[in-house]
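Below is one structure; the comments refer to it alone.
There are 2 protein chains.
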Amino acid sequence: MAASIVVRRYQGWHHWTPLKLQTGYLREAFNIQMGSAAMYPLKKKETKLLRRQLPCGNSHVTKRTLHATPLCFQEVMLTSERYEVQRLPFAHVSDRDLSFFECLMPGGVITDEDELKPFNVDWLKTVRGYSKVLLKPRTTVEVSEVLRYCNERNLAVNPQGGNTGLVGGSVPVFDEIILSTALMNKIISFDSVSGILVCQAGCILENLNHYLEQQDFIMPLDLAAKGSCHIGGNVATNAGGLRLLRYGSLRGTVLGLEAVLADGSILNCLASLRKDNTGYDLKQLFIGSEGTLGIVTAVSILCPQKPKAVNLAFLGCPSFSQVLRTFTTCKGMLGEILSAYEFMDNECMELVKRHLKLVNPVAESPFYVLIETSGSNSAHDEEKLSNFLEHVMATNLVADGTLASEDKKIKMLWALRERITEALACDGYIYKYDISLPVDKLYDLVTDLRARLGRSARSVVGYGHLGDGNLHLNITAESYSHSLQEAIEPYVYEWTSQYCGSISAEHGLGFKKKHYIHYSKPREAILLMQQFKAMLDPKGILNPYKTLPVKAE
Amino acid sequence: MAASIVVRRYQGWHHWTPLKLQTGYLREAFNIQMGSAAMYPLKKKETKLLRRQLPCGNSHVTKRTLHATPLCFQEVMLTSERYEVQRLPFAHVSDRDLSFFECLMPGGVITDEDELKPFNVDWLKTVRGYSKVLLKPRTTVEVSEVLRYCNERNLAVNPQGGNTGLVGGSVPVFDEIILSTALMNKIISFDSVSGILVCQAGCILENLNHYLEQQDFIMPLDLAAKGSCHIGGNVATNAGGLRLLRYGSLRGTVLGLEAVLADGSILNCLASLRKDNTGYDLKQLFIGSEGTLGIVTAVSILCPQKPKAVNLAFLGCPSFSQVLRTFTTCKGMLGEILSAYEFMDNECMELVKRHLKLVNPVAESPFYVLIETSGSNSAHDEEKLSNFLEHVMATNLVADGTLASEDKKIKMLWALRERITEALACDGYIYKYDISLPVDKLYDLVTDLRARLGRSARSVVGYGHLGDGNLHLNITAESYSHSLQEAIEPYVYEWTSQYCGSISAEHGLGFKKKHYIHYSKPREAILLMQQFKAMLDPKGILNPYKTLPVKAE
């Protein structure tokens, strides 16, 4: 069947269904929705919904901003009580230490217990430390002085960016000093010919993106936590996110970084060059080291040009195998303009509807996919997308769908996918897994676990970056339960290991997953990592109890 | 001016000149050349030229295949005689050692002096060692056994792939044992859903590309040396090349690798996952370590789909500033389909004409640029390219040009750029520099050096990957001269350092550049690299005298 539709600029929401697929009908279906009359009421309603979607009364929940918008303020159990973990023999912070810090950075030392609270607990409210001091340096030299001093005094340090991590890596386990990059938020330079941005580690991802958009560029990464997360934290955890499919990982886009080592020495590898083969690429060791090898203080990053045209399709698929076939088709037909391919199951949709009052814009389906295209020519992109949509409808890969090209509508559709984490946080205690698997096995783990856990779990849901083979598997329950935890772990890790997957695709190991590293890495690799840690941080003061099991284990 | 040309599928060579720019003329100019009559005689002539272009009588010179096609067989001065370098106290290979190797890999031990010759000298014929033994293992276990033995015996080992390196990194300096990956040339797996290829280190890049093309994929890198270079060597040297602009560096596309460490232990990080954040990314340390930290034995690499449409434009520009403005315009107008932006000066063109008898397809210009587009829809791509060409002609950025979309023509145009290295090798002794600089400074170094060296150099030429800010600066002379070398170095490095550039963008440091690392890396970084080397290879047996200055220096 060779239906040919000229799809022009979509301004609103566009629905169609392959059940009635005919070339004439299709054209009509696309055009009917293009009038603004049908669009505005929907827009209004959605805006209203957005305002009352919050369980805690704050309207900025699309930002994962714990400090400004805590989801619920019930006290979280101390990590040291919930988990079997012993405090290592680090020194305790003394008044003399506080005087040193206060002298080094007047006004940048916080010891007030209430003020410290949100910095001691993770965004998911699953782990909590009891640090007595938070430091907010403004410069690399201050960070260097702090670490030199702490290393000498044997004081443990917990580096913290936006505290949006999901594996307990960004908060203290005991009383580690919290070193926040919040005030290190200066843009150092931007070159609009090369697209290279250099900035301090504490710049918030969304702010950087706003800054770049004014100059017709964008950040090469995008996360649901963009409103709070710091670029230094993104780099330290090798954040993935929604644009990885198109612009690749931070291992390719981060061109340089500056880091302060445990002994306070400053490693300046802040090059702004696309290519540099002079010796070993040291910066790579700090990317993804979760603050255990050094504190990232500045970053040089290659930013792509802002696409001239962005389109989003939100589609309903009858089965996971159709989600996969739609992906293969889409890679072939959309090629270089494909910028995201995300999926979520209907259980996720139920959660965002129930807890955040979002509206499902298409007919209920077992699975939904979100396809984003970004390109330099809107007419070309829309033609490609139109051909693709025709094909997937004609072949019954897709049951229903809606399209958007206008910024506000695009954001509304993205919210359905981006705010799942938030909806889960409202559903109860979350057991969170972030798995890489061969795509054809990706959803089997969810189905399997749903059957295994039965009614002991409230929800078992799967969503994620299908284009990258990355599943976010989440289980919720009324509260933390050791027996439920044991029903899930190590079962999930064993399952993943069996298919040579990764037990942490993008979240890192942090505190919660470090004991499971051997499911994804061989013994020799773990030993080598421990050697690197011992070499760079012999006293182990940097983010202790995280990422690697200690050597004796 | 808003000329609108419908450019359809180009089958042949197409010329135009903006001097006569009129919409009507332009359309005519494009169409006139589309008939095949004008094309075939040219094709025939070019084929003939290709056959007799070789200084050494072999027709496979587009492959940088030293072993099969040495360019000239004059004896090269021994590295140990030309350079001030002392042999380190490694053991000498004994008959007992040879017996061990022969027993381990029967038939894989070469000691014949003539057979060893090409493995002892680099492709450029600038450095030469005198190894007495070449080992050709077939498996990782054999490599492991060799290294375990050599480490115990304190025997130095020089890993070698296709021996196409340009900084003397791939041949022995003294009598190091050469360990060639030539027989480790098996493809282990290819997944056509994910596009992930897993293969042994000795696979030749071009062979891998041919294999992938049959399955509608391509390798994410492309080099002039593709006919000889091994993927393991590419990874070990973090090769850049022609597709980096589009598909990014190996730091992003290499998903996993297997390496054998100095003590023979096998590090299996051969994951086939797009995302894996379980601990430090050890593989990155081996990418670009030039065989000094371990021997890469297998690689897992993410391959892009083969583009459905490829177009090539070869353009003449009146000045370097116009080369730069054409680049900026091209990034904006071609966007996501731009896959290469290369430049060469007219001095390069003279060399490929003189030594390889290639034909300049456009009017003589001070500079030439080669723009490649790769996309999923030929009509869209051609429309974008046509709009772009109209614009650069109308604004006089480009003086003359030719287009190709047919595979043979594309290869002929690429040869003009890819075979410059070969033409230089015919011009005399080459002083070779591979520099990263801010693009607006890129050519100033060539002009400056041309003035500085005057008639003491035969040719001073500049070409390279402008899209990546990468200049290949080459100086030729009748033979090696110490005084000429001193007129160039460290001047070139100081010049580069002044603009925060890299003294080796993609070639690595190897033997020839290791003493200049401090021009691009701070002291702290070099010290840390030396610590890594000491940790991973305490006896320093792996590719000694390369990449890093020794600690005492």
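Taken in sequence, the protein lines are chains A and B.
Position 388 of the first sequence, counting from 1, maps to 388 under our numbering, and the rest follow consecutively.
With the second sequence counted from 1, adding 553 to any position gets you our numbering.
Cβ coordinates follow ideal geometry from the N, Cα and C atoms, glycine included.
Please determine if the region 524-534 of chain A and the region 490-510 of chain A are in contact, where contact requires at least 3 C-beta pairs separated by less than 8 Å.
Too few Cβ pairs lie closer than 8 Å, so no.
Please identify the residue among A:Glu206, A:His210, A:Gln214, A:Glu213 whose C-alpha is closest to the C-alpha of Lys226 (chain A).
The residue you call residue 226 (chain A) lines up with position 226 of the first sequence. Ranking A:Glu206, A:His210, A:Gln214, A:Glu213 by Cα distance to Lys226 (chain A) puts A:Glu206 first.
Where Arg452 (chain A) sits in the DSSP three-state scheme
Stepping through the first sequence from its first residue, residue 452 (chain A) is reached at position 452. Arg452 (chain A): helix per DSSP, three-state reduction.
Give the DSSP-derived three-state secondary structure of Gly24 (chain A) in the structure shown.
Residue mapping note: residue 24 (chain A) aligns to position 24 of the first sequence, counting from 1. Low per-residue confidence applies at Gly24 (chain A): pLDDT is 30, beneath 50, and the placement is therefore not dependable, though the value from the model is reported in the following sentence. If DSSP states are grouped into helix, strand and coil, Gly24 (chain A) belongs with the helices.
Kindly indicate if chain A contains any beta-carbon less than 8 Å away from that of Met1088 (chain B).
Against the second sequence, residue 1088 (chain B) aligns to sequence position 535. At least one chain A Cβ lies under 8 Å of Met1088 (chain B).
Do Leu865 (chain B) and Leu956 (chain B) have their CB atoms nearer than 8 Å?
Here residue 865 (chain B) is taken as the residue at index 312 of the second sequence, counted from 1. Here residue 956 (chain B) is taken as the residue at index 403 of the second sequence, counted from 1. Taking C-beta atoms as the reference points, Leu865 (chain B) and Leu956 (chain B) count as a pair closer than 8 Å.
By a C-beta neighbour count over all protein chains shown, 10 Å radius and 16 as the cutoff for buried, is Gln284 (chain A) buried or exposed?
Here residue 284 (chain A) corresponds to residue number 284 of the first sequence, with the count starting at 1. Gln284 (chain A) is buried by the Cβ-count criterion.
Where the beta strand (DSSP E) containing His1025 (chain B) begins and where it ends
Working through the second sequence from its first residue, we reach residue 1025 (chain B) at position 472. That run of the beta strand (DSSP E) goes 1023-1030.
Determine the burial state of Ser742 (chain B): buried for a count of at least 16 other Cβ atoms within 10 Å of its Cβ, exposed for fewer.
Locating residue 742 (chain B) in the second sequence gives position 189, where the first residue counts as 1. Counting Cβ neighbours within 10 Å, Ser742 (chain B) comes out exposed, since fewer than 16 surround it.
Per-residue burial, Thr693 (chain B) [other beta carbons within 10 Å of its own, 16 or more giving buried]
If you number the second sequence from 1, residue 693 (chain B) lands on position 140. Counting Cβ neighbours within 10 Å, Thr693 (chain B) comes out buried, since at least 16 surround it.
At a Cβ threshold of 8 Å, is Lys573 (chain B) touching chain A?
Here residue 573 (chain B) is taken as the residue at index 20 of the second sequence, counted from 1. With a pLDDT of only 28 at Lys573 (chain B), under the threshold of 50, the placement of this residue in the model should not be trusted; the figure read from the coordinates follows. Closer than 8 Å to the CB of Lys573 (chain B) there is not a single CB belonging to chain A.
Close-in-space but distant-in-sequence residues of the same chain around Arg799 (chain B) (CB under 6 Å, 5 per side omitted)
For the purposes of this step, residue 799 (chain B) is taken as residue 246 along the second sequence, with counting starting at 1. Correct list, in chain order: Ser892.
Measure how close the beta-carbons of Ile488 (chain A) and Ile475 (chain A) come, nearest whole angstrom, since I'm counting them as under 8 Å.
Along the first sequence, read from residue 1 onward, the residue named residue 488 (chain A) stands at position 488. Along the first sequence, read from residue 1 onward, the residue named residue 475 (chain A) stands at position 475. Contact between Ile488 (chain A) and Ile475 (chain A) holds: their C-beta atoms lie close to 6 Å from each other, under 8 Å.
Give the secondary structure of Lys432 (chain A) by DSSP, where H, G and I count as helix, E and B as strand, and everything else as coil.
Reading the first sequence from its first residue, position 432 is the one you call residue 432 (chain A). Per DSSP, reduced to three states, the secondary structure at Lys432 (chain A) is strand.
Nearest-angstrom Cα distance between Pro522 (chain A) and Arg1076 (chain B)?
As a first step, residue 522 (chain A) must be located in the first sequence, where it is residue number 522. As a first step, residue 1076 (chain B) must be located in the second sequence, where it is residue number 523. Between the alpha carbons of Pro522 (chain A) and Arg1076 (chain B) lies a distance of about 33 Å.
Nearest candidate by alpha-carbon position, reference Leu950 (chain B), set B:Cys883, B:Pro659, B:Ala754
Indexing the second sequence from 1 puts residue 950 (chain B) at position 397. Out of B:Cys883, B:Pro659, B:Ala754, B:Cys883 has the C-alpha closest to the C-alpha of Leu950 (chain B).
Say whether the region 958-978 of chain B touches the region 997-1011 of chain B, bearing in mind that this needs 3 or more beta-carbon pairs closer than 8 Å, one atom from each stretch.
Result no; under three Cβ-Cβ pairs closer than 8 Å.
Where does Thr328 (chain A) land, buried or exposed, given buried means 16+ other C-beta within 10 angstroms?
Residue 328 (chain A) sits at position 328 when you count from the first residue of the first sequence. Around the beta carbon of Thr328 (chain A), fewer than 16 other beta carbons sit within 10 angstroms, so the residue counts as exposed.
Taking Leu358 (chain A) as the reference, which of A:Lys306, A:Glu364, A:Ala415, A:Glu336 has the closest Cα?
Here residue 358 (chain A) refers to the residue found at position 358 of the first sequence. Minimum Cα distance to Leu358 (chain A) is reached at A:Ala415.
Along the chain, where does the beta strand (DSSP E) that runs through Phe190 (chain A) open and close?
Locating residue 190 (chain A) in the first sequence gives position 190, counting from the first residue. Phe190 (chain A) -> beta strand (DSSP E) spans 187-191.
Please list, in chain order, all residues of the same chain as Thr615 (chain B) whose beta carbon is under 6 Å from its beta carbon, the five residues on each side excluded.
If you number the second sequence from 1, residue 615 (chain B) lands on position 62. For Thr615 (chain B), the pLDDT reaches just 36, beneath the cut-off of 50, and the residue's location in the model is therefore unreliable, although a value from the coordinates is still provided. None.
How should Ser436 (chain A) be labelled, buried or exposed, when 16 other C-beta atoms within 10 angstroms of its C-beta is the threshold for buried?
The residue given as residue 436 (chain A) occupies position 436 in the first sequence. By the neighbour-count rule (16 or more Cβ atoms within 10 Å), Ser436 (chain A) is buried.
Could you tell me which chain B residues have their CB closer than 7 Å to the CB of Leu509 (chain A), listed as they occur along the chain?
Your numbering for residue 509 (chain A) matches position 509 in the first sequence. In chain order: Thr831, Gly832.
So with Cβ pairs under 8 Å, would you call His933 (chain B) a contact of chain A?
Taking the first residue of the second sequence as 1, we reach residue 933 (chain B) at position 380. Yes, because at least one Cβ of chain A sits closer than 8 Å to the Cβ of His933 (chain B).
On the three-pair Cβ rule with 8 Å, is the region 1020-1037 of chain B touching the region 967-987 of chain B?
Counting Cβ pairs under 8 Å, three or more are found: they touch.
Cβ neighbour criterion (16 or more within 10 Å) applied to Ala644 (chain B):
Residue 644 (chain B) sits at position 91 when you count from the first residue of the second sequence. That one is exposed.
For Ser497 (chain A) and Tyr480 (chain A), believed in contact at Cβ under 8 Å, the rounded distance
As a first step, residue 480 (chain A) is located in the first sequence; it is residue number 480 there, counting from the start. As a first step, residue 497 (chain A) is located in the first sequence; it is residue number 497 there, counting from the start. Not a contact, Cβ separation roughly 25 Å.
Counted within 10 angstroms of its Cβ, other Cβ atoms place Ser747 (chain B) as buried (16 or more) or exposed:
Taking the second sequence and counting its residues from 1, one reaches residue 747 (chain B) at position 194. Its Cβ being crowded by 16 or more others within 10 Å, Ser747 (chain B) is buried.
Return the Cβ separation of Gly682 (chain B) and Asp728 (chain B) in integer angstroms, given the expectation that the two are a contact with Cβ distance under 8 Å.
Your numbering for residue 682 (chain B) matches position 129 in the second sequence. Your numbering for residue 728 (chain B) matches position 175 in the second sequence. Beta-carbon to beta-carbon, Gly682 (chain B) and Asp728 (chain B) are separated by about 7 Å, close enough to satisfy the 8 Å threshold.
From the DSSP output, in three-state form, read off Gln305 (chain A) for me.
Reading the first sequence from its first residue, position 305 is the one you call residue 305 (chain A). Reduced to three states, the DSSP call for Gln305 (chain A) is strand.
Which value, in whole angstroms, describes the spacing of the CA atoms of Leu255 (chain A) and Leu855 (chain B)?
For the purposes of this step, residue 255 (chain A) is identified with residue 255 of the first sequence, where counting begins at 1. For the purposes of this step, residue 855 (chain B) is identified with residue 302 of the second sequence, where counting begins at 1. When the Cα atoms are used, Leu255 (chain A) and Leu855 (chain B) turn out to be separated by approximately 20 Å.
Are the region 119-127 of chain A and the region 167-184 of chain A touching, with three or more C-beta to C-beta distances below 8 Å?
A contact exists between the region 119-127 of chain A and the region 167-184 of chain A.
If I follow the unbroken alpha helix (DSSP H) through Ala236 (chain A), where does it start and stop?
Reading the first sequence from its first residue, position 236 is the one you call residue 236 (chain A). Run containing Ala236 (chain A): 231-236, per the alpha helix (DSSP H) assignment.
Pair every Cβ in the region 248-263 of chain A with every Cβ in the region 287-295 of chain A, then say whether three or more of these pairs are closer than 8 Å.
They touch, by the three-pair rule.
Taking the beta carbon of His763 (chain B) as the centre, do at least 16 other beta carbons fall within 10 Å, making it buried, or is it exposed?
As a working mapping, residue 763 (chain B) is identified with position 210 in the second sequence. The residue is exposed, with fewer than 16 neighbouring Cβ atoms inside 10 Å.
Selection from B:Pro725, B:Val751, B:Val726 that minimises the alpha carbon distance to Met737 (chain B):
On the second sequence, residue 737 (chain B) is found 184 positions in, with the first residue counted as 1. Comparing alpha-carbon positions, the option among B:Pro725, B:Val751, B:Val726 lying closest to Met737 (chain B) turns out to be B:Val751.
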